[in-house]
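Accompanying notes for the structure given below.
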Amino acid sequence: MRIPIAALFAACVAAVALPGCVAQPPLPRAADVDLDRFMGDWYVIASIPTWLERDAYNAVESYARLPDGRIQTTFRYRAGGFGGAAKAMHPVGTVRAGTGRAEWGMQFVWPVKAQYVIAWLDPGYREVIVARSKRDYVWIMARTPALDDARYAALVRRVAAMGYDVSRLRRVPQRWPAQ
0 MRIPIAALFA ACVAAVALPG CVAQPPLPRA ADVDLDRFMG DWYVIASIPT
50 WLERDAYNAV ESYARLPDGR IQTTFRYRAG GFGGAAKAMH PVGTVRAGTG
100 RAEWGMQFVW PVKAQYVIAW LDPGYREVIV ARSKRDYVWI MARTPALDDA
150 RYAALVRRVA AMGYDVSRLR RVPQRWPAQ
């Protein structure tokens with residue numbers, strides 16, 4: 000029996016493409032984010048990073064409300080080491096209606112807005128997990144530059160429960176002068 004080349008090709012494409020089509024359950028979202036409490040500095044404790052932040056040290060994401068309701072974001076870090084070049088990105092966030100202020104469109108380059116979901120937020124606004132439905136990137140952030148191992152492990156378990164491959168998490172080195 001001869002299998003037509005087109006059928007064989009279609010079967011190969013399906014075998015490669017279909018595993019990526021498995022629907023993920025929706026991401027959880029923080030119930031009702033108080034934007035004023037959320038504003039300020041967040042230290043990036045760990046992430047499945049974008050290519051721009053793969054070698055980030057001392058990464059900090061800062062948020063400030065703009066008069067028009069958007070959120071000015073400043074992501075700053077050192078590239079490649081604690082003494083590396085200082086880098087910064089300045090995306091602007093737009094809160095998506097009907098999400099309890101837990102989902103934003105984050106605009107790095109016009110007109111594209113990347114999904115930004117506050118998937119979990121500590122009731123005291125001390126720790127947060129920011130995620131994306133594609134499960135391609137995730138950020139664990141805290142108001143302090145370090146978490147104890149037990150707390151970090153608990154947050155990693157939360158990320159895993161959201162459907163992420165936590166073996167891809169990179170703990171972001173943080174070293175700051177004593178304050």
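Numbering (numbering that gives the first Met the number 0), first residue to last: 0 to 178. Idealized CB from N, CA, C, for every residue including glycine.
Margin query: Is it buried or exposed, GLY92, if we count other Cβ atoms within 10 angstroms and call 16 or more buried?
Written below: Indexing the sequence shown from 1 puts residue 92 at position 93. Counting every other CB atom within 10 Å of its CB across the protein chains shown gives GLY92 a total of 16 or more, marking it as buried.
Next item on the list: Throw me the rounded Cβ distance for the GLY123 and ASP31 pair, which I believe falls under 8 Å.
Entry: Position 124 of the sequence shown, counting from 1, holds the residue named residue 123. Position 32 of the sequence shown, counting from 1, holds the residue named residue 31. With a contact defined as Cβ atoms closer than 8 Å, GLY123 and ASP31 miss out at about 15 Å.
Notebook entry, point to check: How would you call ALA45, buried or exposed, if buried means at least 16 neighbouring beta carbons within 10 angstroms?
Noted result: Taking the sequence shown and counting its residues from 1, one reaches residue 45 at position 46. Here ALA45 is buried, its C-beta having at least 16 other C-beta atoms within 10 Å.
Check: If we call anything under 9 Å between Cβ atoms a contact, is GLY79 one with ASP40?
Finding: Position 80 of the sequence shown, counted from the first residue, corresponds to residue 79. Position 41 of the sequence shown, counted from the first residue, corresponds to residue 40. No; because the gap between Cβ atoms is not below 9 Å, this pair is not in contact.
Check: Between SER132 and TRP175, what straight-line distance do the alpha-carbon atoms span, to the nearest angstrom?
Finding: Here residue 132 is taken as the residue at index 133 of the sequence shown, counted from 1. Here residue 175 is taken as the residue at index 176 of the sequence shown, counted from 1. Cα to Cα, the separation comes out at about 33 Å.
Check: Which residues mark the beginning and the end of the beta strand (DSSP E) in which VAL32 is found?
Finding: Translated into positions along the sequence shown, residue 32 becomes position 33. Careful: VAL32 lies outside any beta strand (DSSP E) and carries neither H nor E.
Next item on the list: Please classify LEU26: does DSSP put it in a helix, a strand, or coil?
Entry: The residue given as residue 26 occupies position 27 in the sequence shown. Residue state, collapsed to three classes: coil.
Next item on the list: Would you list the one or two residues that DSSP bridges to ALA85?
Entry: Position 86 of the sequence shown, counted from the first residue, corresponds to residue 85. In the DSSP output, where bridge partners are listed per residue, ALA85 has ARG77.
Note to self: Using DSSP's beta-bridge definition, name the partner residues of SER61.
What the structure shows: Here residue 61 refers to the residue found at position 62 of the sequence shown. Answer by DSSP bridge pairing, in chain order: ASP40, THR73.
Next item on the list: Taking 9 Å as the cut-off, decide whether the C-beta atoms of VAL116 and ALA101 are in contact.
Entry: Within the sequence shown, the letter at position 117 stands for residue 116. Within the sequence shown, the letter at position 102 stands for residue 101. Taking 9 Å as the cut-off, the beta carbon of VAL116 is found closer than this to the beta carbon of ALA101.
Notebook entry, point to check: Rounded to whole angstroms, how far is the Cβ of ILE128 from the Cβ of ARG150, which I believe are closer than 8 Å?
Noted result: Sequence index remark: in the sequence shown, residue 128 carries index 129 (1-based). Sequence index remark: in the sequence shown, residue 150 carries index 151 (1-based). Contact doesn't hold; Cβ gap of about 13 Å is too wide.
Margin query: Comparing C-alpha positions only, which one of ALA152, GLN114, PRO144, TYR56 sits nearest to ARG28?
Written below: The residue labelled residue 28 in the question sits at position 29 within the sequence shown. Considering only alpha carbons, the answer is GLN114.
Next item on the list: Between the Cα of ALA141 and those of ARG77, PRO90, GLN173, ASP67, spot the shortest distance and give me the residue it belongs to.
Entry: Taking the first residue of the sequence shown as 1, we reach residue 141 at position 142. For ALA141, the nearest C-alpha among the options comes from GLN173.
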